[in-house]
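One structure is given here, and the rest of the page talks about it.
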Amino acid sequence: MLETRRGALLTSVFVAFWCLTIFGNVVTATEEKKGDLVVLTPYRKESDGLARFLRSAKLYGYKIKVLGEEKAGEDAGPGDEELLSLLKEELKTLSEDPEKIVLYTEGANSVLSAGPVRVVEEFERSGAAVLVSADGFCWPDRELEGSYPKVKRGKRFLNSGGIVGRAEHFYRVLSEAAEEKSLQMLLTHAYIKDATRDKYNIRLDHLSNLFQNLNGATGDVELRFAGKEAYLQNTLYNSVPVVVTGNGHTGLVLNTLGSYLARAWNPEEGCRSCWDDMITLDASKEEEMPAVALGVFVEKETPFLEEFLEKISNQVYPKEKIHLFVHNSVNYHEEGVSAWAEAMKEEVASVKYTGVEDNVKEWHARNAAIDFCLESESQYFFSVDSEAHIDNPYTIKLLIEQNRDVVAPMLIRPYKAWSNFWGAITSDGFYARSMDYMEIVQGHRRGLWNVPYITSCYLVRRHLLEGDKRPAYIKNLLDPDMAFCENLREKGVFMYVSNRVDFGHLVNADQFDSSRVNPELWQVVDNRWDWEQRYLHPNYSSAVAENATAEMPCPDVYWFPLFKERYAQEMIQTFEDFGVWSAGTNDDPRLEGGYESVPTIDIHMKQIGMEAEWLEILRVYVQPMQLKVFEGYYNDVGPPRAIMNFMVRYKPDEQPFLRPHHDTSTYTINVALNKPGVDYKGGGCRFVRYNCSVTDSRVGWILMHPGRLTHLHEGLPTTEGTRYIIVSFVDP
Numbered sequence: 001m002l003e004t005r006r007g008a009l010l011t012s013v014f015v016a017f018w019c020l021t022i023f024g025n026v027v028t029a030t031e032e033k034k035g036d037l038v039v040l041t042p043y044r045k046e047s048d049g050l051a052r053f054l055r056s057a058k059l060y061g062y063k064i065k066v067l068g069e070e071k072a073g074e075d076a077g078p079g080d081e082e083l084l085s086l087l088k089e090e091l092k093t094l095s096e097d098p099e100k101i102v103l104y105t106e107g108a109n110s111v112l113s114a115g116p117v118r119v120v121e122e123f124e125r126s127g128a129a130v131l132v133s134a135d136g137f138c139w140p141d142r143e144l145e146g147s148y149p150k151v152k153r154g155k156r157f158l159n160s161g162g163i164v165g166r167a168e169h170f171y172r173v174l175s176e177a178a179e180e181k182s183l184q185m186l187l188t189h190a191y192i193k194d195a196t197r198d199k200y201n202i203r204l205d206h207l208s209n210l211f212q213n214l215n216g217a218t219g220d221v222e223l224r225f226a227g228k229e230a231y232l233q234n235t236l237y238n239s240v241p242v243v244v245t246g247n248g249h250t251g252l253v254l255n256t257l258g259s260y261l262a263r264a265w266n267p268e269e270g271c272r273s274c275w276d277d278m279i280t281l282d283a284s285k286e287e288e289m290p291a292v293a294l295g296v297f298v299e300k301e302t303p304f305l306e307e308f309l310e311k312i313s314n315q316v317y318p319k320e321k322i323h324l325f326v327h328n329s330v331n332y333h334e335e336g337v338s339a340w341a342e343a344m345k346e347e348v349a350s351v352k353y354t355g356v357e358d359n360v361k362e363w364h365a366r367n368a369a370i371d372f373c374l375e376s377e378s379q380y381f382f383s384v385d386s387e388a389h390i391d392n393p394y395t396i397k398l399l400i401e402q403n404r405d406v407v408a409p410m411l412i413r414p415y416k417a418w419s420n421f422w423g424a425i426t427s428d429g430f431y432a433r434s435m436d437y438m439e440i441v442q443g444h445r446r447g448l449w450n451v452p453y454i455t456s457c458y459l460v461r462r463h464l465l466e467g468d469k470r471p472a473y474i475k476n477l478l479d480p481d482m483a484f485c486e487n488l489r490e491k492g493v494f495m496y497v498s499n500r501v502d503f504g505h506l507v508n509a510d511q512f513d514s515s516r517v518n519p520e521l522w523q524v525v526d527n528r529w530d531w532e533q534r535y536l537h538p539n540y541s542s543a544v545a546e547n548a549t550a551e552m553p554c555p556d557v558y559w560f561p562l563f564k565e566r567y568a569q570e571m572i573q574t575f576e577d578f579g580v581w582s583a584g585t586n587d588d589p590r591l592e593g594g595y596e597s598v599p600t601i602d603i604h605m606k607q608i609g610m611e612a613e614w615l616e617i618l619r620v621y622v623q624p625m626q627l628k629v630f631e632g633y634y635n636d637v638g639p640p641r642a643i644m645n646f647m648v649r650y651k652p653d654e655q656p657f658l659r660p661h662h663d664t665s666t667y668t669i670n671v672a673l674n675k676p677g678v679d680y681k682g683g684g685c686r687f688v689r690y691n692c693s694v695t696d697s698r699v700g701w702i703l704m705h706p707g708r709l710t711h712l713h714e715g716l717p718t719t720e721g722t723r724y725i726i727v728s729f730v731d732p
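Using the numbering used here, read the sequence shown as starting at 1 and increasing by one per residue.
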């Protein structure tokens, strides 16, 4: 126990010292030598990874030279043999200064997480003339594994992705074997031979004090924070490496870490890297705003599409700068989408519509949208799928100002962890949860995140569409969105998701049944947020607030708003479309005993398949009011139970009234669906004991009253028109 505590204390002291060194609060002899350090890294054409590395180098004040930069634009970057030649040439010049120290790394796959002081300090502490990164794997020649010296602790094999040494020694090592064509094999052969290893004092950074290779070691490291600084701790060796490298699939892990390291994000200041390279659009100068090709894709039957299209229309962006591309492949939505696209012709610069009859496959439509972007000379392509609701009207402007090649607004299914991005992926390209996923989707961490997969809504800068990194929506048998992201990952293009502000949300189309009339009525469970926006009365929340007083038109009879008029209208339409109204007699085969003592002409919720949804409405929206007005009554078995839930229809020539009766309920709710004096005349409910009537019903409002014993009541005659109400007997 004492040793454990001592180890923890030493770790804390070391980390504290490390942090102080980074911030420049500790001056050592090494500090004076940091000016002797030069960083070399190879040029990689249009590399997001190299740009990230250069940002980290600039942040910490490194002197850096990009090898092959003078050929920028001519090729992708130097190959193995050319890189070796460039490195030798640069080292030869630098070796003229015996104090010069060189740090070499493949910057496109690396991030620097501390300053040059740490590099020099760790190098000198190692006692090596040339210190090379260590790896857990022997590559590229596995047959050389047995030739490596054994080590008591740490990584055994060499990885040329990270090297630090005095320039003259480094140069001599590379000059030793002129026949080698790659840096990895040259250093490997120099290291595994005792003579050359000792001659040049080549050592490996076995314990990752300076270099951390993530390949095969992602479980060894943890991201941690010290004040405003993020750092990576190797918990296996209790070290804090400076150069973090991710090759192959672990490059995606590096992308995640890169959202934090090099002061990109910390808990105190949030996202500092978000401000890098940002631009500002002046909305007052519409003529200078960049043109945007806005691609709208309706590829599946989707609930609340009406609101989706309205939010697209409401984007605060100059309409004359928008070129609209619409693809709809769904019969159910054809009329609404085509009408919307036609109306948009009067507002935006241009519209191209492809509908069901055009029979265009999704992947082809998405590629056609990119062509449309280029043809319209738009500077950006903004792609939105029908399940992505852009609630923030400034989304397009905010994404453009972020100034990234590919950036998506974070969208989630309300109350769920389902989003439009993946924080990590498996080696075969499918979903995996990253260490920070929940923190991001829950909004506990706000910023700009480098992720391997985005979908449903994203912005792409034009220059990416024109070159060899143009996104493609087809790859093997993958879905278009997975193909799009995998193709970009293979080309080294970073994809970002932003949750700096709230942009919108996703709807869930998995259980959407368009065969129903007004199918959104059933979406109270799968898409509660959208259901509430469309159907819930705007005054409901204030009515159930703790300090609110419920209206009481008769003794122990309470009134409160629940639904908008649209809900009432669509419910009437839905039930009338079903049309199987009961006979209004005592014989009722729908009931367990087959007998109804107080019959009405009605349709049960069960008959139209809405029972579960209606019980959810009782639980979520009605029970809070019941607990408020009938103080002390709690259903001890949980949510409200209601065996009888039905719509009643009153007509003068059918059933105009209902005789006095008690309900078989603990309490009853009665929802008015249409307007007295407008849709019908007469009607209402009279409570006999109190000789109190409620006749001025309000559409969408609930009348709640006790069922048994005290509240004998009757339905007053409807003299003209048709009166509709929904009734539930709760907790019978």
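Just so it is clear, CB atoms sit at the ideal spot from N, CA and C, and this is done for glycine as well.
If I measure Cβ to Cβ from residue i and keep anything under 8 Å in the same chain, skipping five residues before and after, which residues do I get?
i: Phe137; result: Phe157, Asn215 and Gly216
i: Asn539; result: Pro561
i: Thr574; result: Arg516, Val517, Asn518, Leu521 and Ile608
i: Tyr595; result: Asn586, Asp587 and Asp588
i: Ala472; result: Asn367, Ala483, Phe484 and Asn487
So residue i is in the beta strand (DSSP E); what residue range does that whole segment cover?
i: Asp135; result: Val130 to Asp135
i: Cys373; result: Cys373 -> not in any beta strand (DSSP E); alpha helix (DSSP H) instead, spanning Glu362 to Glu375.
i: Phe382; result: Tyr380 to Asp385
i: Tyr558; result: Val557 to Pro561
i: Pro706; result: Trp701 to Pro706
In the DSSP assignment, find the alpha helix (DSSP H) that holds residue i and state where it starts and stops.
i: Lys58; result: Asp48 to Tyr60
i: Pro116; result: Pro116 to Ser126
i: Leu186; result: Leu183 to Ile192
i: Cys457; result: Premise fails: Cys457 lies in the beta strand (DSSP E), Cys457 to Arg461, not in any alpha helix (DSSP H).
i: Cys485; result: Pro480 to Glu490
i: Trp340; result: Glu334 to Met344
i: Asn255; result: Thr250 to Gly258
i: Glu720; result: Segment Thr718 to Gly721 is the beta strand (DSSP E) holding Glu720; no alpha helix (DSSP H) there.
Can you list, in chain order, the residues of its chain with a C-beta nearer than 6 Å to that of residue i? Leave out the 5 residues immediately preceding and following it.
i: Lys155; result: Ala134, Asp135, Gly136 and His206
i: Ser208; result: Asn234, Tyr237, Ser239 and Pro241
i: Met344; result: Leu324 and Val351
i: Asn25; result: Only weak support exists for where Asn25 lies, its pLDDT of 40 falling under 50; the value from the coordinates is given anyway. For Asn25, where only same-chain residues beyond five positions count, there are no Cβ hits under 6 Å.
Verify whether the separation of the beta carbon atoms of residue i and residue j is less than 8 Å.
i: Tyr332; j: Val406; result: no
i: Asp602; j: His705; result: no
i: Leu506; j: Asn420; result: yes
i: Leu673; j: Ala568; result: yes
i: Gln523; j: Pro303; result: yes
i: Leu305; j: Ser386; result: yes
i: Gly682; j: Leu716; result: yes
i: Asn403; j: Asp277; result: yes
i: Trp265; j: Ala230; result: yes
i: Leu232; j: Val221; result: yes
i: Val244; j: Leu257; result: yes
i: Leu204; j: Lys88; result: no
Name, in chain order, the residues that DSSP records as bridge partners for residue i.
i: Ala226; result: Glu229
i: Ala432; result: Ala424
i: Gln212; result: Val244
i: Val102; result: Val38 and Gly165
i: Ser693; result: Arg686
i: Ile322; result: Val292
i: Ala672; result: Ile725
Identify, in the order they occur along the chain, each residue of the same chain with its Cβ nearer than 7 Å to the Cβ of residue i, setting aside the five sequence neighbours on each side.
i: Cys554; result: Phe687, Tyr690, Cys692 and Val694
i: Thr4; result: Reliability fails at Thr4, whose pLDDT of 40 lies under 50, so the model's placement of it is uncertain and no value is given.
i: Ala16; result: Bear in mind that a pLDDT of 46 at Ala16, under 50, signals an unreliable position, so the model cannot answer this.
i: Gly251; result: Asn109
Report the CB separation of residue i from residue j in whole angstroms; it is logged as a contact under 8 Å.
i: Arg195; j: Lys100; result: For the record, residue 195 in the displayed sequence is Ala; it is not Arg. Between Lys100 and Ala195 the Cβ distance is about 26 Å, and since that is not below 8 Å, they are no contact.
i: Leu183; j: Ala177; result: In fact, because the Cβ distance is near 11 Å, the residues do not count as touching under 8 Å.
i: Leu478; j: Glu486; result: 7 Å
i: Gly492; j: Gly49; result: 6 Å
i: Ala349; j: Lys321; result: 7 Å
i: Leu618; j: Asn670; result: That belief does not hold up - the Cβ atoms of Leu618 and Asn670 are roughly 13 Å apart, past 8 Å.
i: Tyr724; j: Met605; result: With a Cβ gap of about 14 Å, Tyr724 and Met605 do not count as contacting.
How about residue i: is its C-beta nearer than 8 Å to some C-beta of chain C?
i: Val580; result: Considering every chain present, this structure includes no chain C. It has just one protein chain.
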